[in-house]
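A.B. asks: In this note's numbering, the protein residues as written are 233 to 415. My questions all concern the structure below.
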């Protein structure tokens, strides 16, 4: 290999390493953003479940909503659970590559970073899938609880027609004993 070819290859390897390193950084940032979104979703699901539990709602829809909120909470926790991300081990790199020529070190670093990226990508894909499942469960919970609350409260806010008592007054009047006349 001529000196010009070696210089060109060295420049190419430096460029590749810079790009791969930047991509690993973006990948880590993306993972942090997914974690933040998942934690917000977990908090929202927990709050919505507590709100629904403190209200009277249509029973079947309330159960569906509470199960969905539980699923959203659980899936969200799967997003943020601790996993083993790959990263460059400084001691191993120094001991293994420190005595090699720059060109060889850059080639080995690029290969190591590609392996790390692929390992971390599999983790990112799994986190994204859990986040999507959590979001879908939260949406199901919100729809179910909203419909359940509306169905249960339907009619509670209606005004009685003129000349008629409200349904709650009619109900209590029919359950009370007839008044007795003093003798």
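Glycine is no exception: its CB is placed at the ideal position from the N, C-alpha and C atoms.
Label residue 383 either buried or exposed according to how many other C-beta atoms from any shown protein chain fall within 10 Å of its C-beta, with 16 as the threshold for buried.
C.D. replies: Taking the chain shown and counting its residues from 1, one reaches residue 383 at position 151. Residue 383 comes out exposed.
A.B. asks: Select from 234, 237, 296 and 357 the residue whose C-alpha is nearest the C-alpha of residue 374.
C.D. replies: Position 142 of the chain shown, counted from the start, is the residue given in the question as residue 374. Looking at the Cα atoms, 296 is the closest of the given residues.
A.B. asks: Looking at the secondary structure, which residues open and close the alpha helix (DSSP H) in which residue 257 lies?
C.D. replies: Reading the chain shown from its first residue, position 25 is the one you call residue 257. Note, residue 257: alpha helix (DSSP H), 235-285.
A.B. asks: Mapping the DSSP letters down to three states, classify residue 311 as helix, strand or coil.
C.D. replies: Reading the chain shown from its first residue, position 79 is the one you call residue 311. Of the three classes helix, strand and coil, the one that applies to residue 311 here is helix, per DSSP.
A.B. asks: Whole-angstrom Cβ separation of residue 304 and residue 369, contact assumed at under 8 Å?
C.D. replies: Residue mapping note: residue 304 aligns to position 72 of the chain shown, counting from 1. Residue mapping note: residue 369 aligns to position 137 of the chain shown, counting from 1. With 8 Å as the limit, residue 304 and residue 369 qualify as a contact, their Cβ atoms being about 4 Å apart.
A.B. asks: Could you tell me the alpha carbon to alpha carbon distance between residue 283 and residue 258, rounded to whole angstroms?
C.D. replies: If you number the chain shown from 1, residue 283 lands on position 51. If you number the chain shown from 1, residue 258 lands on position 26. Going by the C-alpha atoms only, they are around 38 Å apart.
A.B. asks: Of the choices 237, 365, 235 and 261, whose alpha-carbon is the least far from that of residue 302?
C.D. replies: Taking the first residue of the chain shown as position 1, residue 302 is located at position 70. The shortest Cα separation from residue 302 among 237, 365, 235 and 261 belongs to 365.
A.B. asks: Are the beta-carbon atoms belonging to residue 261 and residue 312 less than 7 Å from one another?
C.D. replies: Here residue 261 refers to the residue found at position 29 when the chain shown is read from its first residue. Here residue 312 refers to the residue found at position 80 when the chain shown is read from its first residue. Contact: no.
A.B. asks: I'd like the list of long-range same chain contacts for residue 245, defined as Cβ closer than 8 Å, with 5 residues on each side in sequence excluded.
C.D. replies: Position 13 of the chain shown, counted from the first residue, corresponds to residue 245. The residues are 335, 338, 339 and 342.
A.B. asks: Does DSSP put residue 326 in a helix, a strand or coil?
C.D. replies: Numbered from its first residue, the chain shown carries residue 326 at position 94. In the structure shown, residue 326 sits in a helix (DSSP, three-state: H, G or I).
A.B. asks: Taking the alpha-carbon of residue 315 as reference, which of 357, 290, 248 and 243 has the nearest alpha-carbon?
C.D. replies: Locating residue 315 in the chain shown gives position 83, where the first residue counts as 1. For the residues 357, 290, 248 and 243, the minimum Cα distance to residue 315 belongs to 357.
A.B. asks: Whole angstroms are fine: how far does the CA of residue 256 sit from the CA of residue 317?
C.D. replies: Along the chain shown, read from residue 1 onward, the residue named residue 317 stands at position 85. Along the chain shown, read from residue 1 onward, the residue named residue 256 stands at position 24. One C-alpha to the other measures close to 11 Å.
A.B. asks: Expressed to the nearest angstrom, what Euclidean distance is found between the alpha-carbon atoms of residue 270 and residue 351?
C.D. replies: For the purposes of this step, residue 270 is taken as residue 38 along the chain shown, with counting starting at 1. For the purposes of this step, residue 351 is taken as residue 119 along the chain shown, with counting starting at 1. Residue 270 and residue 351: Cα-Cα distance of roughly 21 Å.
A.B. asks: Excluding the 5 residues flanking residue 420 on each side, which residues of the same chain have their C-beta closer than 8 Å to its C-beta?
C.D. replies: For the chain, the structure presents residues 233 to 415; residue 420 sits outside this window and is missing.
A.B. asks: For the alpha helix (DSSP H) holding residue 361, just list the boundary residues, first then last.
C.D. replies: The residue given as residue 361 occupies position 129 in the chain shown. Segment 334-385, the alpha helix (DSSP H) holding residue 361.
A.B. asks: Would residue 281 and residue 380 qualify as a contact pair, given that the criterion is a beta-carbon distance under 7 Å?
C.D. replies: Residue numbering aside, residue 281 sits at position 49 when the chain shown is read from its first letter. Residue numbering aside, residue 380 sits at position 148 when the chain shown is read from its first letter. Cβ atoms of residue 281 and residue 380: not closer than 7 Å.
A.B. asks: Using the Cα positions of residue 372 and residue 347, report the straight-line distance between them to the nearest angstrom.
C.D. replies: Position 140 of the chain shown, counted from the first residue, corresponds to residue 372. Position 115 of the chain shown, counted from the first residue, corresponds to residue 347. If you take the alpha carbons of residue 372 and residue 347, they lie about 38 Å apart.
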